[in-house]
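Shown next as structure tokens:
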């Protein structure tokens, strides 16, 4: 438990640093030491210290108060204890004013320091418990976000609770629009990482090199335009969860890099030669059949097994039609209040239309359809005729004479047509196609459609 | 087999060394060996505080450690300090080979009381178990009766039993059965 509260000792005297660190290590803490402010900051960037002991007087470079202020900028939650041999009320007041939690005069009684450390950590434990409890309230909210009475979905929700506090990697499979990100959020916000970051990264939207620097960050000068060091999503997610959407779309090189992160929880920033260590839970999602991708040698088998520790398969909306009325009511309520347009509800005949439709774009498509209906609706109630176009579409699907072309060609034409109809607006075109934006980007890349 | 070496630093009563030898032999399955006593290193004395720097003594022990030493336990009668703390009952390299115990504050005389040999023996045994426990990877224990609980003043030393609690004891056993200590 104490290992979760790392401590940093900053003092220019080696003896002071090492003896203090040794004493604290006997108590079970992870302790690092730094001979000056500069080194302390480097360490603070990679470790979330609970307590920093900082010597007030350090010759040359940054003094204790400057060091404290800089540490606070990187780690606002770290408690700083200023150490000094020259106790004056003035410096004590200044240190406390600048944010030091305590001020101690060396040498001090072992009891004094042991009580000080346990008092600070007691407070920190309360703070983190408080944050977790607050998130538990959020969890109820998050859970309400997943609306279902479908037994398979209910099983999945129970599973998200059971696996929430594990670190095991989760692979979520499901068609576009089935709510993969929502499930990933439910896993993150129900577990012990809830108060830490939840970072989303769509792997399909970016080129290989861009995705690499987005994920792993880069060092200053790593490439043209890299003016300063930047943290990647893995570092930003430290302590929390990273959600890698469209994982089936990453290049072989990134597959290898990702495998290393999964195995060792370490990586290099682009252009960097220093390893960065992170504690991140990975939740990946894909609408592809990865097992098949493995067979086709498009996806590394070892990475697949590393990702697929816990698998969640989300059913498409057409396999949980009983949820359509619930979801429709939910969207009507939310969208109408967001748009400021009063719509009382949705008629039984309209619901029949919605239940009969096949929803290739799943819940996301349903949401878009309801939004469109609300926008065009003239009475205070959504009725069958508000969805006539949907029926026409569905009808058109049934009676449509299929031209004699390949599936790829068909898809390509549909994408171009949608983009033309929406005047190049990718968000709208993807909604019309019933796929998400990242999938559309992926397809644009694949069909080499210059957008 | 590598041994646990016991060494007096400066003048230490022969009786105390015997007590320590018995305590160590009771708990640690290693041959207990004596090293010729060492004098207190010159640089260790801190004239401002009138105490001796534990770090200097630890350094000396590390330098003098025999090649076949699994652990080296220094025993001294002088008062130990580190820059941050006003005194130490002892110090150990966590999960490392070197430890030192000071008898200075274990004597009743230090607190202005008449000497009491049996109490000194008990206290010495407890501190030896505590510091050696650290060298075998034990951290402070929350059970105030366990030798591994943190004592920041003499009353807390007296509150301990002359043994490890079952949890710390099991950890030691595991350590000795799983590694080539």
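Residue numbers (our numbering), protein chains in the order written: chain X, 3 to 453; chain E, 16 to 196.
For each residue, glycine too, the CB sits at the ideal point set by N, CA and C.
Give the interface partners of residue i over in chain E, defined as CB-CB distance under 7 Å, in chain order.
i                     : result
residue 30 (chain X)  : 154 and 155
residue 116 (chain X) : 165 and 167
In angstroms with no decimal places, state the Cα-to-Cα distance between residue i and residue j.
i                     : j                     : result
residue 288 (chain X) : residue 84 (chain E)  : 57 Å
residue 378 (chain X) : residue 212 (chain X) : 40 Å
residue 168 (chain X) : residue 187 (chain X) : 14 Å
residue 141 (chain X) : residue 126 (chain X) : Because residue 141 (chain X) sits at a pLDDT of 49, beneath the cut-off of 50, its placement in the model cannot be relied upon, and the following sentence gives the value as read from the coordinates. Going from the Cα of residue 141 (chain X) to the Cα of residue 126 (chain X) covers about 22 Å.
residue 61 (chain E)  : residue 24 (chain X)  : 20 Å
residue 207 (chain X) : residue 52 (chain X)  : 37 Å
residue 170 (chain X) : residue 197 (chain X) : 18 Å
residue 353 (chain X) : residue 422 (chain X) : 31 Å
residue 143 (chain X) : residue 181 (chain X) : Since pLDDT at residue 143 (chain X) reaches only 45, below the 50 mark, its modelled position is unreliable, and the value read off the structure follows with that caveat. Near 16 Å, if we compare the C-alpha coordinates of residue 181 (chain X) and residue 143 (chain X).
residue 300 (chain X) : residue 159 (chain X) : 31 Å
residue 109 (chain E) : residue 19 (chain E)  : 16 Å
residue 238 (chain X) : residue 199 (chain X) : 7 Å
residue 87 (chain X)  : residue 109 (chain X) : 7 Å
residue 310 (chain X) : residue 184 (chain E) : 40 Å
residue 148 (chain X) : residue 72 (chain X)  : 42 Å
residue 174 (chain X) : residue 259 (chain X) : 20 Å
residue 334 (chain X) : residue 39 (chain X)  : 56 Å
residue 151 (chain E) : residue 22 (chain X)  : 19 Å
residue 327 (chain X) : residue 441 (chain X) : 27 Å
residue 100 (chain X) : residue 49 (chain X)  : 22 Å
residue 296 (chain X) : residue 302 (chain X) : 6 Å
residue 165 (chain X) : residue 254 (chain X) : 29 Å
residue 357 (chain X) : residue 435 (chain X) : 19 Å
residue 413 (chain X) : residue 449 (chain X) : 9 Å
Hey, residue i and residue j: beta-carbon distance below 8 Å or not?
i                     : j                     : result
residue 9 (chain X)   : residue 100 (chain E) : no
residue 176 (chain X) : residue 341 (chain X) : no
residue 189 (chain X) : residue 244 (chain X) : no
residue 97 (chain X)  : residue 161 (chain X) : no
residue 278 (chain X) : residue 271 (chain X) : yes
residue 174 (chain E) : residue 34 (chain E)  : no
residue 376 (chain X) : residue 432 (chain X) : no
residue 429 (chain X) : residue 439 (chain X) : yes
residue 217 (chain X) : residue 257 (chain X) : no
residue 273 (chain X) : residue 228 (chain X) : yes
residue 179 (chain X) : residue 363 (chain X) : yes
residue 147 (chain E) : residue 176 (chain E) : no
residue 155 (chain E) : residue 30 (chain X)  : yes
residue 22 (chain E)  : residue 116 (chain E) : no
residue 84 (chain X)  : residue 56 (chain X)  : yes
residue 314 (chain X) : residue 185 (chain X) : yes
Taking C-beta pairs closer than 7 Å, name the residues in chain X that residue i reaches, listed in chain order.
i                     : result
residue 168 (chain E) : 113
residue 23 (chain E)  : Chain X residues near residue 23 (chain E): none, gap ~22 Å exceeds 7 Å.
residue 149 (chain E) : 28
residue 87 (chain E)  : In chain order: nothing, as chain X lies at least about 16 Å away.
With DSSP as the reference, identify every bridge partner of residue i, one or two as the case may be.
i                     : result
residue 36 (chain X)  : X:12
residue 204 (chain X) : X:247
residue 277 (chain X) : X:270
residue 105 (chain X) : X:84
residue 18 (chain E)  : E:84
residue 56 (chain X)  : X:12 and X:84
residue 61 (chain E)  : E:66
residue 172 (chain X) : X:285 and X:312
residue 443 (chain X) : None; residue 443 (chain X) has no bridge partner.
residue 47 (chain E)  : E:19
In chain X, which residues lie less than 8 Å from residue i when you measure between Cβ atoms?
i                     : result
residue 131 (chain E) : The contacting residues do not exist; residue 131 (chain E) stays about 23 Å from chain X at best.
residue 70 (chain E)  : 17, 20 and 21
residue 109 (chain E) : 24, 27 and 28
For a contact defined as C-beta to C-beta under 9 Å, what are the partners of residue i on chain X?
i                     : result
residue 164 (chain E) : Ordered by position in chain X, no residue passes the 9 Å Cβ test against residue 164 (chain E), which lies about 11 Å from the chain.
Identify the contact partners of residue i in chain E, using a Cβ-Cβ distance below 9 Å as the criterion.
i                     : result
residue 22 (chain X)  : 97, 98, 99 and 100
residue 110 (chain X) : 99, 100 and 101
residue 25 (chain X)  : 97, 99, 100, 103 and 106
Is any non-hydrogen atom of the ligand PLP found closer than 7 Å to the C-beta of residue i, if you look at the structure I gave you?
i                     : result
residue 126 (chain E) : Looking at this structure, you won't find the ligand PLP or any other ligand, since it has none at all.
**Q.** Touching by the beta-carbon criterion (3+ pairs, under 8 Å), the region 21-28 of chain E and the region 92-100 of chain E
**A.** The region 21-28 of chain E makes contact with the region 92-100 of chain E; the number of CB pairs closer than 8 Å reaches 3 or more.
Q.
Quick check: the region 53-73 of chain E against the region 151-162 of chain E, are at least 3 beta-carbon pairs closer than 8 Å?
A. no
Q.
Measuring CB atoms only, is the region 61-75 of chain E touching the region 66-83 of chain X, in the sense that at least three cross pairs come out at less than 8 Å?
A. no
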